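Chains as they are written, first to last, in numbering that gives the first Met the number 0: chain W, 0 to 298; chain C, 0 to 288; chain S, 0 to 403. Each remark here refers to the structure printed beneath this line.
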Amino acid sequence: MTLLTEALILGLFAMSLDLMVGYTRLVSFGHAAAYGFGAYACGWLLLHTSLPMLATIPIAALLAGVIAVGVAWVCTQATGVSFSMLTLALAQLLYAVAYKWTSVTGGSDGLAGIPRRPGPFGLDIFITRNGFYYLVLLVLSGAFLFCRALVRSPFGAVLGGIRENEAKTLALGYNTRAYKIAVVALSYALGAFAGALYAPFAGFANTELLFWLLSGQVLIMVIIGGAGTLIGPMIGAAFFLTVEHLLSNYTEAWALFFGLIFIAFVIFAPEGIWGLIRARFRRRTAVELDHRRGVAGAQ
Amino acid sequence: MDLTAFLVVESLNALSQAALLFFLGVGLTLIFGIMRIVNFAHGTFYMLGAFIGYSALRLSGSFWLALVLAPLAVGIVGALFELGILRRLYRRDESAFLMVTFGLALVLTEVIRLGWGPEALQVEPPSAFRSIVFVFDEPFPTYRLFLAGAGLLVALAIWQFLERTRLGLLIRATSQNAEMVHALGTDVRLVRSAVFGIGCGLAGMGGVLAAPLVTASIGMAAEMIIDAFVIVIIGGMGSFPGSLLGALLVAFVQVFGEYYLPDLALAFMYLVMLLVLVVRPGGLLGKEA
Amino acid sequence: MTRRPGVTRRRIATFALTGTALAMPWVRRVAAAEPIKIGMPLALTGPLGSVGQQLKRGGEMWAKVQNANGGLLGRPIQPLIEDTGGNPADAVRKSQEMVERDNCNILTGITLSSEALAVAPKLDEWNAIFLSSDNGDGKLTAGALVPNFFRANISAPMGARAVSLFLRQSKSQKFYAIGMDYAWGHSSVGVFESEIKHAKRDLVGTVFSPIGTKDFSTYIAKIRQSGAEALYIVMAGDDFNAFLAQAAQYKLPEKVQMLTEQMELTLLRAVGDAALGLIGSTRYAFTIDNPKNKEFVALWQKERGTVPDTFEGEQWQALQVLAAAIEKANSTDTKALHDALETITIDDIKGPVAMRKCDHQAVQNGFMVRAVKREDFSHPVPEIIATYPGEETTPPCNKETFEE
Numbered sequence: 000m001t002l003l004t005e006a007l008i009l010g011l012f013a014m015s016l017d018l019m020v021g022y023t024r025l026v027s028f029g030h031a032a033a034y035g036f037g038a039y040a041c042g043w044l045l046l047h048t049s050l051p052m053l054a055t056i057p058i059a060a061l062l063a064g065v066i067a068v069g070v071a072w073v074c075t076q077a078t079g080v081s082f083s084m085l086t087l088a089l090a091q092l093l094y095a096v097a098y099k100w101t102s103v104t105g106g107s108d109g110l111a112g113i114p115r116r117p118g119p120f121g122l123d124i125f126i127t128r129n130g131f132y133y134l135v136l137l138v139l140s141g142a143f144l145f146c147r148a149l150v151r152s153p154f155g156a157v158l159g160g161i162r163e164n165e166a167k168t169l170a171l172g173y174n175t176r177a178y179k180i181a182v183v184a185l186s187y188a189l190g191a192f193a194g195a196l197y198a199p200f201a202g203f204a205n206t207e208l209l210f211w212l213l214s215g216q217v218l219i220m221v222i223i224g225g226a227g228t229l230i231g232p233m234i235g236a237a238f239f240l241t242v243e244h245l246l247s248n249y250t251e252a253w254a255l256f257f258g259l260i261f262i263a264f265v266i267f268a269p270e271g272i273w274g275l276i277r278a279r280f281r282r283r284t285a286v287e288l289d290h291r292r293g294v295a296g297a298q
Numbered sequence: 000m001d002l003t004a005f006l007v008v009e010s011l012n013a014l015s016q017a018a019l020l021f022f023l024g025v026g027l028t029l030i031f032g033i034m035r036i037v038n039f040a041h042g043t044f045y046m047l048g049a050f051i052g053y054s055a056l057r058l059s060g061s062f063w064l065a066l067v068l069a070p071l072a073v074g075i076v077g078a079l080f081e082l083g084i085l086r087r088l089y090r091r092d093e094s095a096f097l098m099v100t101f102g103l104a105l106v107l108t109e110v111i112r113l114g115w116g117p118e119a120l121q122v123e124p125p126s127a128f129r130s131i132v133f134v135f136d137e138p139f140p141t142y143r144l145f146l147a148g149a150g151l152l153v154a155l156a157i158w159q160f161l162e163r164t165r166l167g168l169l170i171r172a173t174s175q176n177a178e179m180v181h182a183l184g185t186d187v188r189l190v191r192s193a194v195f196g197i198g199c200g201l202a203g204m205g206g207v208l209a210a211p212l213v214t215a216s217i218g219m220a221a222e223m224i225i226d227a228f229v230i231v232i233i234g235g236m237g238s239f240p241g242s243l244l245g246a247l248l249v250a251f252v253q254v255f256g257e258y259y260l261p262d263l264a265l266a267f268m269y270l271v272m273l274l275v276l277v278v279r280p281g282g283l284l285g286k287e288a
Numbered sequence: 000m001t002r003r004p005g006v007t008r009r010r011i012a013t014f015a016l017t018g019t020a021l022a023m024p025w026v027r028r029v030a031a032a033e034p035i036k037i038g039m040p041l042a043l044t045g046p047l048g049s050v051g052q053q054l055k056r057g058g059e060m061w062a063k064v065q066n067a068n069g070g071l072l073g074r075p076i077q078p079l080i081e082d083t084g085g086n087p088a089d090a091v092r093k094s095q096e097m098v099e100r101d102n103c104n105i106l107t108g109i110t111l112s113s114e115a116l117a118v119a120p121k122l123d124e125w126n127a128i129f130l131s132s133d134n135g136d137g138k139l140t141a142g143a144l145v146p147n148f149f150r151a152n153i154s155a156p157m158g159a160r161a162v163s164l165f166l167r168q169s170k171s172q173k174f175y176a177i178g179m180d181y182a183w184g185h186s187s188v189g190v191f192e193s194e195i196k197h198a199k200r201d202l203v204g205t206v207f208s209p210i211g212t213k214d215f216s217t218y219i220a221k222i223r224q225s226g227a228e229a230l231y232i233v234m235a236g237d238d239f240n241a242f243l244a245q246a247a248q249y250k251l252p253e254k255v256q257m258l259t260e261q262m263e264l265t266l267l268r269a270v271g272d273a274a275l276g277l278i279g280s281t282r283y284a285f286t287i288d289n290p291k292n293k294e295f296v297a298l299w300q301k302e303r304g305t306v307p308d309t310f311e312g313e314q315w316q317a318l319q320v321l322a323a324a325i326e327k328a329n330s331t332d333t334k335a336l337h338d339a340l341e342t343i344t345i346d347d348i349k350g351p352v353a354m355r356k357c358d359h360q361a362v363q364n365g366f367m368v369r370a371v372k373r374e375d376f377s378h379p380v381p382e383i384i385a386t387y388p389g390e391e392t393t394p395p396c397n398k399e400t401f402e403e
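Below is the structure:
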């Protein structure tokens with residue numbers, strides 16, 4: 000049950016990264032920064048103010064989005080691998096700060112005992128385990144619809160242009176830098192939303208949530224699920240979590256099989272899980288074809 | 000200890016650190032230069048070198064033999080991986096390589112854990128370098144001098160290899176224009192396999208050399224991989240002199256930074272990288288951004 | 000514009016998915032009963048993997064021996080062992096699974112303090128007991144104490160205290176301290192600092208190294224220059240191995256007496272002779288001299304062909320505490336177990352152990368050991384050089400330091 004809730008939270012996290020990676024080909028190695036920041040911000044607010052959970056979560060996400068504009072500005076100075084390494088550098092710096100700033104972040108112990116505070120007006124249906132599940136489901140659905148609308152909009156079309164050929168898009172008169180900054184900021188804000196959901200879900204926030212390993216894992220989730228499809232990353236997150244969980248229940252050597260599964264996926268299913276599923280249930284209608292052309296993934 | 004003594008001793012420390020970083024970085028940059036692959040498993044090859052070195056040392060009693068065998072073995076593993084798996088992916092985009100090398104890192108780490116156990120294993124330095132010398136009255140381990148020397152030697156060797164041998168020429172040419180090299184009749188695939196193997200072998204050599212300082216342990220890969228990326232990025236991806244420069248820069252900043260500002264020790268490397276990337280996105284000696 | 004199809008496969012799929020998603024909370028699992036289940040969500044892989052493996056071996060050996068003797072209250076022991084990788088999120092998840100899926104209400108062996116800190120707040124919701132066998136963080140019995148948490152092992156403050164008690168006999172006047180830059184490092188160095196003050200000695204410097212530091216040359220240089228006569232080291236794992244190996248290469252131990260808070264066999268095996276002369280506190284050593292321990296060591300040697308290491312012993316003791324409490328309560332029900340644990344006492348491999356009701360810390364002997372060569376071992380072994388009664392080494396209730 001809680002595994003499912005966690006899968007949904009990770010799904011939101013992965014989907015947020017897809018906006019950058021799948022739709023704009025901006026590969027971030029530092030997305031954990033968004034997640035961790037969201038978790039710490041929300042956790043801190045829940046522990047040190049009397050704001051209800053339903054307020055702290057969006058506040059944390061908003062805060063992250065605002066800061067991410069600055070982050071995006073720095074990172075988009077570069078492109079390609081340098082862009083990726085800048086995202087990594089900034090994420091690791093945040094990690095270092097969280098690690099050392101013990102008075103605010105609890106240092107390596109992190110923040111524990113984060114409560115799910117009801118409100119406003121005593122609204123507490125989301126506090127229980129089942130209730131929280133529905134909250135996450137709600138947020139994820141809303142975010143999905145929002146992202147889908149976004150990528151189908153003119154904004155999304157420009158992102159596609161940047162992905163396919165930035166020079167050409169620039170030549171057409173678009174301020175590609177501004178679009179990139181916007182999508183990065185949005186992506187981080189949504190990632191922080193996921194992190195902000197995580198804090199009251201797990202009841203704690205710690206430096207592992209900011210570590211580069213998590214950034215690598217969420218990138219894997221996006222790719223394994225199918226980049227550039229929004230749904231793919233959600234599936235990838237669920238897949239990742241479930242397989243890791245099941246495998247580690249059965250054998251200590253679970254990482255071995257996990258790695259082999261990745262490698263197999265890359266070689267045999269380049270479009271990811273969602274790509275496999277779609278290939279099976281393809282419907283050749285004009286609507287489908289248009290949809291695919293407009294939104295489809297990396298290739 | 001007065002200032003000169005301090006500077007000299009700490010510089011020697013930095014040089015020995017730089018040597019280890021260099022072994023890791025040069026392989027990574029060469030691989031990227033030729034194949035545009037970000038090799039996530041590079042730290043794991045380094046670790047594999049340390050463990051194979053441990054076993055070779057146990058079995059033969061000779062550190063020098065281990066120093067030859069381990070990089071060779073690791074290079075072969077790398078080349079096999081390239082032949083078996085990476086070759087299928089050259090038509091795809093970079094994310095495929097990212098995933099596959101990440102997967103390899105997981106698999107290899109687990110294989111090492113299953114093969115050698117989870118505990119750290121001791122690797123003794125060679126008997127020739129177990130003593131100390133006195134530098135300005137401060138004891139300094141001769142092994143570190145050996146490390147600095149080995150780094151320099153290997154750097155020179157690679158330089159000459161790239162400049163003067165046929166394979167070196169092919170490597171440089173392929174990193175600039177693979178199509179042309181192919182058109183001129185060379186099997187570019189062989190060049191790639193060779194580079195991947197050599198790159199991994201160099202990482203493995205770094206692992207054996209590092210083991211007397213840090214023991215052969217499962218955490219080695221994760222502890223080093225970020226450092227490797229950072230120095231390559233700072234130096235410029237694909238640039239051999241860049242990896243040397245990057246290693247020296249990071250080592251010196253780390254050593255002197257740790258001394259004066261230990262609180263920032265965790266952040267130094269990233270701050271330097273940030274600075275470099277903002278000023279020169281392609282790295283100090285790199286070409287493209 | 001294409002005609003809009005009515006019931007398509009896509010629509011069915013969407014409905015089915017939505018329906019399932021909404022219904023998930025009501026999907027239940029079937030419960031089970033009978034054997035006494037002991038949940039052990041351990042860090043079997045990852046940086047502290049070797050510690051988790053020790054805890055696993057300790058738990059498995061104990062269960063084997065208990066079951067050979069008919070189990071507890073006539074019920075067999077069933078350890079539930081899973082890997083958390085040292086990740087607090089996984090620790091919470093696995094613990095929750097054990098509680099909910101396997102109907103387990105006893106947890107032990109959680110390896111990292113950060114994992115324990117994440118799990119502790121949930122114990123009330125799960126109605127489960129957590130008996131720590133390894134977590135040293137002082138907070139767990141102080142600021143972060145929850146009713147269902149009990150600590151059977153020696154805590155970090157207790158270890159640090161043993162070192163400082165030993166120091167009072169030493170002639171060294173100037174001390175330096177180096178710790179790993181995280182919670183445990185800071186708290187232990189903090190305890191040491193206040194102890195040095197009370198012993199009227201000088202702490203000439205402290206420094207913290209980030210986790211994952213590979214090259215300690217700068218730190219070694221600093222220590223050397225400080226003029227310290229003794230060095231207190233609060234490190235573990237790869238960092239500790241690297242530090243000792245490098246310190247020996249710089250001949251630091253010849254100038255400075257090395258002291259540490261935590262000495263175990265994995266360390267001594269990993270660095271070999273570089274550890275000779277190291278003095279430290281230990282949470283358990285096979286060289287502890289009492290009949291119960293001799294029996295335990297003999298058993299271990301017979302079954303595994305080697306001597307037990309620190310955490311194997313700690314896990315054994317923790318489970319002995321648990322067994323005594325289960326028998327005292329004549330039940331494994333959480334409330335009964337809780338009440339029994341609060342005042343439980345045993346006399347076992349480390350000597351007398353008495354749980355303290357006020358903060359759920361087991362008061363027990365503190366041990367100081369020195370790494371010495373012994374002919375029948377290929378690596379240095381910890382020789383006991385001092386034993387302190389628990390009352391002297393355990394901080395006051397709910398505190399992490401000692402105020403005198």
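Beta carbons: idealized from backbone N, C-alpha and C, even for Gly. All values reported here derive from a predicted model rather than from experimental measurement.
### Query
Are Ser186 of chain S and Pro156 of chain S touching if we call contact CB-CB under 8 Å?
yes
### Query
Quick one: any contact between the stretch 2-14 of chain C and the stretch 198-209 of chain C, if contact means 3 or more CB pairs under 8 Å?
no
### Task
Classify Asp186 of chain C as buried or exposed, calling it buried when 16 or more other Cβ atoms lie within 10 Å of its own Cβ.
exposed
### Query
Ser247 of chain W versus chain S: which residues are under 7 Å apart at the beta carbon?
Glu81, Asp82
#### Entry: Members of the stretch 142-156 of chain C that neighbour chain S once the beta carbon cut-off is set at 8 Å
Tyr142, Arg143
### Query
Is Gly32 of chain C near Ala227 of chain C, with beta carbons less than 8 Å apart?
no
### Residue span of the beta strand (DSSP E) that contains Lys36 of chain S, given as start and end
35-41
### Query
Taking Cβ-Cβ distances below 8 Å as the criterion, which residues of the stretch 212-224 of chain C are in contact with chain S?
Leu212, Val213, Thr214, Ser216, Ile217, Gly218, Met219, Ala221, Glu222, Met223
### Task
Note down the Cα distance separating Ile58 of chain W from Leu89 of chain W, rounded to an integer number of angstroms.
22 Å
### CB-CB length for Tyr133 of chain W against Ala97 of chain W, believed under 8 Å
Not really, about 30 Å apart at Cβ, beyond 8 Å.
### Query
What residues in the stretch 22-55 of chain W have a beta carbon less than 8 Å from any beta carbon of chain S?
none
### Query
Got a sec, what are the start and stop residues for the alpha helix (DSSP H) Ala297 of chain S sits in?
290-303
### Task
Compare the C-beta of Thr44 of chain S against all C-beta atoms of chain W and say whether one is closer than 8 Å.
yes
### Query
Once you ignore the five residues that flank Asn66 of chain S on each side, which residues in its own chain have a CB closer than 8 Å to its CB?
Pro75, Ile76
### Task
Please list the partners that Tyr98 of chain W has in chain C, where partner means a Cβ-to-Cβ separation under 9 Å.
Leu265
### Task
Starting from the Cα of Leu284 of chain C, find the closest Cα among C:Glu109, C:Leu71, C:Ser238, C:Arg86 and give me that residue.
C:Ser238
### Message
Pull the bridge partners of Lys173 of chain S from the DSSP assignment, please.
### Response
S:Asp201
### Message
Please return the same chain residues whose Cβ sits closer than 7 Å to the Cβ of Glu382 of chain S, not counting the five positions on each side in sequence.
### Response
Thr286, Val368, Arg369, Val371
### Message
By the three-class DSSP mapping on this structure, what secondary structure does Tyr231 of chain S have?
### Response
strand
### Query
Is Gln298 of chain W close to chain S, meaning its C-beta is less than 8 Å from at least one C-beta of that chain?
Confidence at Gln298 of chain W is low in this model, with a pLDDT of 47, below 50, so the placement of that residue should be treated as unreliable; the coordinate-derived value is given next. False, the Cβ-Cβ gap to chain S never drops below 8 Å.
### Query
If you compare alpha carbons, which of W:Met14, W:Phe267, W:Phe203, W:Leu25 is closest to Thr86 of chain W?
W:Leu25
### Contact set between Gly204 of chain S and chain C, taken where Cβ atoms lie within less than 8 Å
Within 8 Å Cβ-Cβ: nothing; Gly204 of chain S doesn't reach chain C, min ~10 Å.
### Query
Assuming Ile35 of chain S and Leu71 of chain S make a contact with CB atoms under 8 Å, what is their CB distance in whole Å?
6 Å
### Query
Looking at the unbroken beta strand (DSSP E) that takes in Val362 of chain S, where does it start and where does it end?
361-363
### Message
Could you check whether Val270 of chain S and Leu243 of chain S sit closer than 8 Å to each other, using their CB atoms as the reference points?
### Response
yes
### Query
Tyr22 of chain W and Gly155 of chain W look like a contact to me (Cβ under 8 Å); what is the Cβ gap, rounded to whole Å?
7 Å
### Unbroken beta strand (DSSP E) run spanning Arg150 of chain S, endpoints
148-150
### Message
On the CB-based measure, 16 or more other CB atoms within 10 Å of its CB, does Asp89 of chain S come out buried or exposed?
### Response
buried
### Query
Nearest-angstrom Cα distance between Gly211 of chain S and Gly74 of chain C?
26 Å
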